[in-house]
Amino acid sequence: MLDAMHGNILEMRKIILITIFILCSLLPLGAEVFYSSIINASYLSDFALNAFPVSFWGEFGIDDLGLVEDLNTKALVRVEAGMAQRTLRQRPEDGSIIRNPSDQRKYSVVFSEGLVGFEQGLIDNPEEGKKDFLTLSFLIGVRWEQAFGSLNDIQNGNFGGVFDDQNYFKPGQEVIGVPELNGNKYSLSNSITLGLDFNNKYNNYLTPEGYNFSFDFVMGPWWLLNSPTIFNTSSTIDYWKLLYSASYTHTFMQEDQEDADMNLYSLYMNFNLNCQIIFGDAVPQHELSVNFRGHSIPPRPFIADVRASATIVGPEFLTVGTYPTLTVSMENSLAAGKLINSTEEKIGIGFYGTIGARFDLYIMGLFRAYVGVYWDYLAPEGYSGGIDYDFGAYFTASF
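Under this note's numbering, residues 96 to 494 are what the sequence shown spells out, in order.
Structure (structure tokens):
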């Protein structure tokens, strides 16, 4: 596994260097090279209480290419690499739902992903310094994954984890429920994304305001070099996805402290809608974008999730960027159609709902600790429902 990961990293470095060279050679007068990075892409619940990042995300490229007057053209590369934790919620042999939560096993994934493409503004925002109202994007992506036992299993001497348990994975068995876990649990997939994004949002952490919506069409069919005969991965990837997202935020009130240039309190509401239509003979877990309360929904061709929340922020204390928040939310989801990655032919419909409250503490824009309490009054299949809670801490660095 380590040799494969090392080889993959070297290949990614070659792709990145070639891309930088090509982009720089095409750099017109007035264009700007940009780079941004954020360290908070994923965490593991069985490692450091969700407090230490185990994956990294970065974006770089050329901004303001000037192909269209008053509209931004950006050539970019996005790279993400690290680890992720997943839960086995479908039986490998037939894709049926594992309904007893105690029978669901966790496993870990080492991954790296690279996307290269461009963004082209279509409608200009008249306000200086704001993003274009409407932006078209085109991205080509490559993702590599290698699965292995969870860190908790490895710490207890069970190095193979769930993959050595023949109640789930029998030798020579074709894995239908999680297609990327066939054979040596190694997959390499390619995709093309065509996106359209309308942005009219001001994202200040104290007084967010505005709305945006986006459409993304992602294709990763088997013939896009996603067949094991091409890369000898033992895993075939085959899917098509349409993802729609909409968000609206409104700040009702905000008050500054009298004796300091810091926030006393602010109150805003947020509405989010995410819809996903996905189909294919082998849909990978990383493409199941819409979830319920941060957890996987039993995957069906159509999934919609609606979340409404109200958040009170403040007061800031000690320094700017250090403040508490309290968020009260209600979330409902719908999943419809035949189970994906399953031999089951029955068409099903699932309705899910939760209400909850979460307390967050932000420190200098670098650290966030949180605790949340929820009541899942309509829990997805495979979840216990009722009262639940979560807690954790995030270290975030961006530049």
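All C-beta atoms in this analysis are idealised placements derived from N, C-alpha and C, irrespective of residue type, glycine included.
Note that the structure is predicted; figures quoted are calculated from it, not measured.
Between GLU382 and TYR339, the beta carbon gap of about 15 angstroms keeps them out of contact (Cβ cut-off 8 angstroms). Ranking THR288, LEU461 and ASP219 by CA distance to the CA of VAL237 puts THR288 first.
Distances from the alpha-carbon of GLN185 to those of SER437, VAL257 and TYR457 put SER437 closest.
Residue range 358-377 is occupied by the beta strand (DSSP E) that includes ILE372. Distance from the Cα of GLY315 is smallest, within the candidate group SER284, SER329, TYR306 and HIS345, for SER284. About 5 angstroms separates the Cβ atoms of ASN294 and ASN307, confirming a contact at the 8 angstroms cut-off.
The beta carbon of PHE486 lies closer than 6 angstroms to those of VAL466 in the same chain, with the five residues before and after it left out.
DSSP, reduced to helix, strand and coil, places PRO419 within a strand of the structure shown. Two segments are said to touch when three or more pairs of C-beta atoms, one from each, lie closer than 8 angstroms; by this definition the stretch 213-231 does not touch the stretch 270-285.
Of all alpha-carbon atoms in ALA341, ALA474 and PRO323, the one lying nearest the alpha-carbon of PHE310 is that of ALA341. In the structure shown, SER322 adopts coil according to DSSP, grouped into three states. Shown here, GLY153 sits in a strand according to DSSP, grouped into three states. Per DSSP, ILE249 is one residue of the alpha helix (DSSP H) stretching across 246-250. In this structure the stretch 260-270 does not lie against the stretch 204-214, because fewer than three pairs of beta carbons, one per stretch, are closer than 8 angstroms. Cβ neighbours of ASP165 within its own chain (closer than 7 angstroms, five residues either side excluded): ASP219.
Shortest Cα-Cα distance from ALA242 to any of SER282, LEU473, ASN358 and GLY216 involves SER282. Distance from ILE442 to ALA377 at the Cβ level is roughly 20 angstroms; contact not present, criterion being Cβ atoms closer than 8 angstroms.
In terms of Cα proximity to ILE157, the closest of GLU175, PHE397 and GLN215 is GLN215.
Apart from sequence neighbours up to five positions away, the residues of its chain that approach PHE233 with a beta-carbon distance below 7 angstroms are GLY212, PHE213 and LEU289, ordered along the chain. Across the structure, ILE193 and GLY389 are spaced so that their CA atoms are roughly 18 angstroms apart. Collapsing the DSSP output to three states places GLY477 in coil. When DSSP reads this structure, ASP471 sits in a beta bridge with GLY481. At the C-beta level, THR346 and PRO410 stay beyond 9 angstroms of one another.
ALA170 is classed as buried because its beta carbon has at least 16 other beta carbons within 10 Å across all chains shown. Between the alpha carbons of TRP317 and PRO323 lies a distance of about 9 angstroms.
In this structure, TYR484 lies away from TYR472, with their beta-carbon atoms at least 9 angstroms apart. Taking each of GLY305, GLU175, SER197 and TYR363 in turn and checking the Cα distance to LEU183, the smallest one comes out for SER197. Excluding five sequence positions before and after ASP189, the CB atoms of its chain that fall closer than 8 angstroms to its own CB belong to ILE271, GLY272, SER437, THR438 and GLU439, given in chain order. Going by DSSP, GLN261 is part of no beta strand (DSSP E) at all; its letter is neither H nor E.
With a beta-carbon spacing of about 6 angstroms, GLY445 and PRO393 fall inside the 8 angstroms limit used to define contacts. Per DSSP, the continuous beta strand (DSSP E) segment holding HIS345 begins and ends at 333-351. When the Cα atoms are used, PRO266 and LYS433 turn out to be separated by approximately 28 angstroms. For the 9 angstroms CB-CB criterion, ARG181 and GLU154 do not form a contact.
When the beta-carbon positions are compared, ASN427 and TYR457 stay at least 9 angstroms from each other. Closest in C-alpha terms to PRO379, from the list LEU276, LEU160, GLN199 and PHE264, comes LEU276.
Comparing C-alpha distances from GLN371 to each of VAL401, VAL415, GLU175 and MET348 shows the shortest one belongs to VAL401.
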